[in-house]
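Engineer: Just add 229 to the spot in the sequence shown (first one is 1) and you have my numbering. Each residue gets a CB set at the ideal place from its N, CA and C atoms; glycine is no exception. Keep in mind the model is a prediction, meaning the values are calculated, not measured.
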Amino acid sequence: MAKKHIHILNIILGALFVGFTLFLAWAVLAFAPEENVGVVMIPIAVIAVWVTVYLIQVKYNTFKCVMVTR
């Protein structure tokens, strides 16, 4: 895959992850008891992991072949 396609795919997946995790965080804040507010950190951690992996990929673009083709 070309660098351009990898970045487009990652940005699209990132937008999906961020949207879904913000929805989950809202649902927890809206419907969970006050004792379970710490659960909001789980969806926020997904965003942090995605951002970290994306930045590592941008900085160290070492994967030359990501798809096995015949």
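How many angstroms separate the CA atom of Val-269 from the CA atom of Val-282?
Structural biologist: 21 Å
Engineer: Going by other Cβ atoms of all chains shown within 10 Å of its Cβ, with 16 needed for buried, is Pro-262 buried or exposed?
Structural biologist: exposed
Engineer: Would you call the CB atoms of Asn-265 and Val-257 closer than 8 Å?
Structural biologist: yes
Engineer: In terms of alpha-carbon separation, which member of Val-287, Phe-249, Ile-285 lies closest to Ile-271?
Structural biologist: Phe-249
Engineer: Restricting to runs no shorter than 3 residues, where is the beta strand (DSSP E) found entirely within the region 254-280?
Structural biologist: none
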